[in-house]
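Undergrad: Sharing a structure with you now.
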Ligand SMILES: [Zn+2]
């Protein structure tokens, strides 16, 4: 079970959060076309290693937290607010 | 406890950690026996000379007590009676209490005579993989023959059938240093960390602290001093009876504290067990080592026991496990058992040592012990007990018998690496001790025997260093200083591995699952040569003891068959749980009605008084209908629906999701969230909205009201309230964080009731003040504030039923007053409260879609709402709703369905077929008996849609063997011109 540091609430148990997937994809412009939206909704890299993702503090402050997590070791390198740019470790 | 009891035959007069001043009585298989505080069930049974304590899983061979701890494979009991009986409890870890009732397992009808022991005679027909092979063919035998036979024979123990009367707690703890295990290393680690100032938790599965020290009288003084020192440290929490069972990411560990298992029943208001979630900055694993068995024919006989266990019974419990003992060893450490048995009064101990004569053997000889160096045990003979051991010179022919009632076995020690392995710490092969040892990982280190530092002094020193290092890593630099144990040199524990004696007969590597060396070799011959495959094929190491005593031996046999060193074959992955835990502890308080919270509306008590039948809608309890005495459900539902069509009804709709949205960009935000437009909505007006997911499918619907330019009130369906909120939060916070919007759920703050029917206005007009309800002043989709019975209300002129209708919302606390006032006002119109069933009936008649149609697989066009889409501007789902697959004109579209014979029931889920065809054209989503059209009607999704109006199809439900003739029609059975809602 992860211990996730919510920027608003501090370190909280994973049980308080809901996973909301890849935070590296951005919603395309309205006129970007079906293919761009298809990639936005469906195409994922599924990396083995560091991954920036959304965790919703659903049983807490209801804010989305950006989390840099290692998909193999579950280590968490950084957490931040949605508009933060978080450094991703090299490996 | 007051009766005088004679001292059991095998109990020494003095010594050990038991309280001889108190005598406990208990029952084992109906026989009354005695023990003392400090005993385990196993030690008390051994004190009485009980040898057979169970039958094995597959062959039903008689089995005795094999270990003195939680690694026990054989001695499993059902403990307790009735609802409190717990199966598969290890007798070797079960703390004895007054009145304990224990039953042996896996035997029928009795331990001494077991009917299924015939399996033993059939052993050559029960090889590894037996279940997979035998029961494959013929298929028709499966249900009638094989499965019942397997069910009778399989399974360990019997669970209690009544509900568990005890309760279980969940608890969380945080610490700087968690020390797992309170042997020499763990005590030293906890003290070192504790004296540095760190917050320390010391968890120990046993009820006494000390681990191996408890079987070592030489160091008893040091053990006492250490436990006293820990007790004096306020920052060290000692947790005996606490098994750490799992090691999860980021140094989170799971543990079970057995709060009351050592008592006949938990004291009042006390949990039986506590499920701990412990988060530690640093972890010291001082989990000790498990002695390993040696595979030889008959190594499972009652009377065969690990050497360390015999020593523990003698030194810790004052119990002599046998009078004429043989020790079979490949290492020096096991010689401590010779001394312990002699001191406890054994008549004779003979040592069979696999090695040439060494110093330990020579020293034993000088004390008069018979030692046979370079020998091996090739058999253990006896039926229900051991009477002789057969030995021979290693690898020689023939053999000779040694009269014996106890055979102690030691194949060396395996560090208990289960937790370290779970944490993905790398394991390395240590050829000196012929075992895997753990390395270190971030925030974690192993200490003492758990990493191969055997012997009390070495383990204590290692523990002290590990505890100090862990505290330093957690930020506590103060270096502790205390005395390490003095006296008694540590034995040399390097061993040449000795796994197996090759001789005729069954040599077990897994006693609990009856896996033999022959089974492992068979698995290899049949291609299951990877350790993970061999494990599953033979079930080796998959029993409740997780192969702690024989796991590595089985791996070594496989390695030999493959021609590889054992370290190349490795061990299967260790996973939680290190030892079995109780399901009750996992469930905690989340059982029965506490499994999930229940949400009740403000009007719940009124519904109960009115005799409502309730149904669960998500977490909500909602009235389904309000039957009159003796009234059948459908009669009640039709009566309630008819009241709305003919006069007036009232329905509690408080469960709808409600969201208050404010901000300069609120209207713009809604335009992006919904497929239709809200920025053009006038203040004081409501509008129906349809929300898509980004993949283009319909997500949710509801009405949204504009209360001010920058203030909206949104309603969602009951089922999707939480999901819509999360969807809005995701888009506001991460997709368009630049928008000025704020919103919050107000579902619980507002009660809401729908007043529907031709007399709805006349009813409300009597009680609503401050609002003219006349059609011209307050038209369809109008919204306004007013008062009702002195309470503030917000009135919405919206309709789900298709009738003239108003929704009255009021701050939750006023709900009952407003509800009762409307009922009173409607009395002259015979107002009826109606439940969710009539609500569904009415909306199906009207052709309004709900959850059954908006099931996540339908588009706006599928349900006939495509014209709502705005032409200009972006909204969620806009792009992907245009995908070819979603715009295919052949997609099933919403239609109405009526049974040709009106009384003929139709079912949701039925497929629509042309007569004589088996090709599905669509399906029925919702059905109901109806009021206005009469008979069974439904809403369906049908390929061809409106083009099929007037056609006759079959509604086929193969599970019930049903096929009902239906006619396709418009989904709007009632008032298709929408005149009533505007009346
Ligand atoms: Zn938070």
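Protein chains in written order, with this note's numbering: chain A, 120 to 210; chain B, 424 to 1406. Think of the CB as a built atom: it goes at the ideal place given N, C-alpha and C, for glycine as much as any other residue.
In angstroms with no decimal places, state the Cα-to-Cα distance between residue 160 of chain A and residue 1118 of chain B.
TA: 7 Å
Undergrad: Kindly list the residues whose CB is nearer than 6 Å to the CB of residue 612 of chain B, restricted to its own chain and excluding five residues on each side of it in sequence; keep chain order.
TA: Excluding its 5 nearest sequence neighbours in each direction, residue 612 of chain B has C-beta neighbours in its own chain below 6 Å: 602, 707, 709, 870, 886, 889, 890, listed in chain order.
Undergrad: Judging by CA-CA distance, which residue of B/454, B/511, B/456 is the nearest neighbour of residue 477 of chain B?
TA: Selected option, being the one with the closest Cα: B/511.
Undergrad: Count the CB pairs spanning the segment 1024-1038 of chain B and the segment 1228-1241 of chain B that are closer than 8 Å, and state whether there are at least three.
TA: By the Cβ criterion, the segment 1024-1038 of chain B is in contact with the segment 1228-1241 of chain B, since at least three pairs of Cβ atoms, one from each stretch, lie closer than 8 Å.
Undergrad: Spatial neighbours of residue 1020 of chain B within its chain, please: CB distance less than 8 Å, with the 5 preceding and 5 following residues excluded, ordered by chain position.
TA: 1042
Undergrad: Distance cutoff 8 Å, beta carbons only. Does residue 203 of chain A sit that close to anything in chain B?
TA: For residue 203 of chain A, the answer is no, since every Cβ of chain B falls outside 8 Å of its Cβ.
Undergrad: What residues in its chain sit with their C-beta under 7 Å from that of residue 1429 of chain B, if we drop five residues either side in the sequence?
TA: Since the first residue shown for chain B is 424 and the last is 1406, residue 1429 of chain B is missing from the structure and cannot be characterised.
Undergrad: Does the beta carbon of residue 1156 of chain B fall short of 7 Å from some heavy atom of ligand 1?
TA: no
Undergrad: Heavy atom of ligand 1 less than 7 Å from the Cβ of residue 173 of chain A, yes or no?
TA: no
Undergrad: Buried or exposed: which applies to residue 793 of chain B, given that a residue is buried once 16 or more other Cβ atoms fall within 10 Å of its Cβ?
TA: Burial call: exposed.
Undergrad: Residue 1165 of chain B CB to nearest chain A CB: under 8 Å?
TA: no
Undergrad: For a cutoff of 8 Å on Cβ pairs, would you count residue 139 of chain A as touching chain B?
TA: At a cut-off of 8 Å between beta-carbon atoms, residue 139 of chain A makes contact with chain B.
Undergrad: At a CB-CB cut-off below 9 Å, which residues of chain A make contact with residue 1117 of chain B?
TA: 146, 156, 159, 160
Undergrad: From the beta carbon of residue 1147 of chain B, is the nearest beta carbon of chain A less than 8 Å away?
TA: no
Undergrad: Using C-beta distances below 8 Å, list every residue in its chain close to residue 1183 of chain B, excluding the 5 sequence neighbours before and after it, in chain order.
TA: 1071, 1226, 1227, 1228, 1229.
Undergrad: Within 10 angstroms of the Cβ of residue 929 of chain B, are there 16 or more other Cβ atoms? Answer buried if so, exposed if not.
TA: buried
Undergrad: Can you determine whether any heavy atom of ligand 1 sits closer than 7 Å to the C-beta of residue 179 of chain A, and answer yes or no?
TA: yes
Undergrad: Which value, in whole angstroms, describes the spacing of the CA atoms of residue 1114 of chain B and residue 1151 of chain B?
TA: 11 Å
Undergrad: Please report how far the alpha carbon of residue 1069 of chain B lies from the alpha carbon of residue 145 of chain A, in whole angstroms.
TA: Straight-line spacing of the CA atoms in residue 1069 of chain B and residue 145 of chain A works out to 53 Å.
Undergrad: Would you say residue 833 of chain B and residue 718 of chain B are within 8 Å of each other, going by their C-beta atoms?
TA: no
Undergrad: Does the segment 1242-1256 of chain B touch the segment 1281-1298 of chain B, meaning 3 or more C-beta pairs lie closer than 8 Å?
TA: no
Undergrad: To which residues does DSSP link residue 477 of chain B through a beta bridge?
TA: Beta-bridge pairing links residue 477 of chain B to B/486.
Undergrad: Throw me the rounded Cβ distance for the residue 1318 of chain B and residue 1371 of chain B pair, which I believe falls under 8 Å.
TA: 7 Å
Undergrad: Taking the straight line between their C-alpha atoms, what separation do you get for residue 1399 of chain B and residue 1195 of chain B?
TA: 28 Å
Undergrad: Cα separation between residue 424 of chain B and residue 523 of chain B?
TA: At residue 424 of chain B, the pLDDT of 44 sits below 50, so the modelled position is not reliable; the number obtained from the coordinates is stated separately. Each residue's Cα considered, the two are about 13 Å apart.
Undergrad: Answer with yes or no whether the minimum CB distance from residue 464 of chain B to chain A is below 8 Å.
TA: It does not: the Cβ of residue 464 of chain B has no partner Cβ on chain A nearer than 8 Å.
Undergrad: How is residue 195 of chain A classed by DSSP in three states: helix, strand or coil?
TA: strand
Undergrad: Under a Cβ-count criterion, where at least 16 other Cβ atoms within 10 Å of its own Cβ denotes burial, should residue 977 of chain B be classed as buried or exposed?
TA: Answer is buried; the Cβ neighbour count reaches 16.
Undergrad: Does DSSP classify residue 656 of chain B as helix, strand or coil?
TA: coil
Undergrad: Using 8 Å as the threshold, is the C-beta distance between residue 749 of chain B and residue 667 of chain B below it?
TA: No, Cβ-Cβ distance for residue 749 of chain B and residue 667 of chain B is not below 8 Å.
Undergrad: Looking at the secondary structure, which residues open and close the beta strand (DSSP E) in which residue 1165 of chain B lies?
TA: 1165-1168
Undergrad: Enumerate, from N- to C-terminal direction, the unbroken beta strand (DSSP E) stretches of 3 or more residues contained entirely within the segment 834-911 of chain B.
TA: 836-838, 850-853, 858-861, 867-869
Undergrad: Could you name the residues of the same chain whose beta carbon sits closer than 7 Å to that of residue 736 of chain B, not counting the 5 residues immediately before and after it, in chain order?
TA: 466, 469, 491, 742, 744
Undergrad: Are the segment 933-947 of chain B and the segment 972-988 of chain B touching, with three or more C-beta to C-beta distances below 8 Å?
TA: Segments in contact, yes.
Undergrad: Starting from residue 754 of chain B, trace the beta strand (DSSP E) in both directions and tell me its first and last residue.
TA: It is not in any beta strand (DSSP E) - residue 754 of chain B carries neither H nor E in the DSSP assignment.
Undergrad: Going by the DSSP bridge assignment, what does residue 1203 of chain B pair with across the sheet?
TA: Beta-bridge pairing links residue 1203 of chain B to no other residue.
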